[in-house]
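Counting in the working numbering, the sequence shown runs from 93 upward without gaps. By construction, the Cβ of each residue, glycine as well, lies at the ideal position given by its N, Cα and C atoms. Here the structure is laid out as C-alpha coordinates; the discussion comes afterwards.
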Amino acid sequence: MLVELTIRRAAGEPSPNSPVDGIRIMALLPARWRKDLKHVTGEIAIRVHTGEDETTAQIRAEVTAILTNPEVSDWELITCHTLANGRHEAKEDTR
93 MLVELTIRRA AGEPSPNSPV DGIRIMALLP ARWRKDLKHV TGEIAIRVHT
143 GEDETTAQIR AEVTAILTNP EVSDWELITC HTLANGRHEA KEDTR
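Encoded structure:
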(Lines of atoms letter the chains of each structure in order from A and count residues from 1; the text may use other names and numbers.)
(Lines give C-alpha, C1' and ligand atoms only; values in the text may rest on other atoms or scores of the structure.)
Protein backbone atom coordinates (compact mmCIF):
# COMPACT_ATOMS: atom_id res chain seq x y z
CA MET A 1 0.00 0.00 0.00
CA LEU A 2 1.25 3.49 -0.84
CA VAL A 3 0.16 6.27 1.51
CA GLU A 4 1.07 9.88 2.09
CA LEU A 5 1.18 11.06 5.69
CA THR A 6 0.72 14.74 6.44
CA ILE A 7 2.13 15.80 9.79
CA ARG A 8 2.18 19.22 11.44
CA ARG A 9 3.10 20.75 14.76
CA ALA A 10 0.43 20.04 17.36
CA ALA A 11 0.29 23.69 18.41
CA GLY A 12 -0.34 24.68 14.80
CA GLU A 13 2.91 26.63 14.65
CA PRO A 14 4.58 26.60 11.26
CA SER A 15 7.74 24.56 11.18
CA PRO A 16 11.05 25.95 10.00
CA ASN A 17 12.30 24.85 6.60
CA SER A 18 14.79 22.47 8.21
CA PRO A 19 14.11 18.83 7.33
CA VAL A 20 15.51 17.64 10.67
CA ASP A 21 12.12 16.90 12.27
CA GLY A 22 10.96 15.07 9.15
CA ILE A 23 14.12 12.96 9.14
CA ARG A 24 13.69 12.26 12.85
CA ILE A 25 10.09 11.10 12.28
CA MET A 26 11.12 8.96 9.29
CA ALA A 27 13.79 7.27 11.42
CA LEU A 28 11.11 6.21 13.90
CA LEU A 29 8.85 4.69 11.24
CA PRO A 30 9.12 0.93 10.75
CA ALA A 31 12.23 -0.18 8.84
CA ARG A 32 10.05 -2.44 6.67
CA TRP A 33 8.39 0.64 5.11
CA ARG A 34 10.02 2.43 2.18
CA LYS A 35 9.88 6.18 2.91
CA ASP A 36 10.21 9.44 0.99
CA LEU A 37 10.26 12.81 2.77
CA LYS A 38 8.54 15.85 1.30
CA HIS A 39 8.65 19.06 3.32
CA VAL A 40 5.89 21.51 2.54
CA THR A 41 5.29 24.90 4.10
CA GLY A 42 4.33 24.40 7.73
CA GLU A 43 3.85 20.64 7.36
CA ILE A 44 5.79 17.49 6.67
CA ALA A 45 4.60 15.02 4.06
CA ILE A 46 6.05 11.52 4.06
CA ARG A 47 5.17 8.92 1.46
CA VAL A 48 5.45 5.38 2.70
CA HIS A 49 5.10 2.11 0.86
CA THR A 50 4.01 -0.62 3.23
CA GLY A 51 3.18 -4.24 2.70
CA GLU A 52 -0.08 -5.04 0.96
CA ASP A 53 -1.43 -6.71 4.10
CA GLU A 54 -1.44 -3.46 6.14
CA THR A 55 -4.57 -1.33 6.25
CA THR A 56 -4.77 2.45 6.38
CA ALA A 57 -6.16 2.17 9.92
CA GLN A 58 -3.14 0.10 11.00
CA ILE A 59 -0.72 2.57 9.39
CA ARG A 60 -2.49 5.51 11.03
CA ALA A 61 -2.42 3.80 14.44
CA GLU A 62 1.28 2.99 14.15
CA VAL A 63 2.22 6.54 13.11
CA THR A 64 0.08 8.04 15.88
CA ALA A 65 1.85 5.83 18.43
CA ILE A 66 5.27 6.83 17.04
CA LEU A 67 4.38 10.51 17.42
CA THR A 68 4.04 10.01 21.19
CA ASN A 69 7.84 9.61 21.44
CA PRO A 70 9.27 12.58 23.38
CA GLU A 71 11.57 13.66 20.54
CA VAL A 72 8.62 14.14 18.14
CA SER A 73 5.67 14.54 20.50
CA ASP A 74 5.04 18.12 19.38
CA TRP A 75 3.93 16.75 15.97
CA GLU A 76 0.55 15.25 15.05
CA LEU A 77 -0.75 13.21 12.13
CA ILE A 78 -3.27 15.26 10.16
CA THR A 79 -4.08 13.05 7.18
CA CYS A 80 -3.29 9.66 5.79
CA HIS A 81 -3.99 9.51 2.03
CA THR A 82 -4.04 6.22 0.16
CA LEU A 83 -2.34 6.73 -3.20
CA ALA A 84 -2.66 4.75 -6.42
CA ASN A 85 -0.41 5.41 -9.39
CA GLY A 86 0.72 8.70 -7.83
CA ARG A 87 -2.84 10.03 -7.52
CA HIS A 88 -5.04 10.30 -4.44
CA GLU A 89 -7.32 7.29 -4.29
CA ALA A 90 -9.00 8.07 -0.99
CA LYS A 91 -8.57 10.72 1.68
CA GLU A 92 -8.84 9.95 5.35
CA ASP A 93 -8.67 12.63 8.00
CA THR A 94 -7.31 11.50 11.32
CA ARG A 95 -9.12 14.09 13.40
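- DSSP, read as helix, strand or coil, puts Leu120 in helix.
- Under the three-state reduction of DSSP output, Glu96 falls in the strand class.
- As the crow flies, the alpha-carbon of Gly114 is around 9 Å from that of Ile99.
- Taking C-beta atoms as the reference points, Leu159 and Glu168 count as a pair closer than 8 Å.
- Separation of Val112 and Glu154 (C-alpha to C-alpha, rounded to the nearest whole angstrom) is 21 Å.
- By the 16-neighbour rule on beta-carbons within 10 angstroms, Thr142 is buried.
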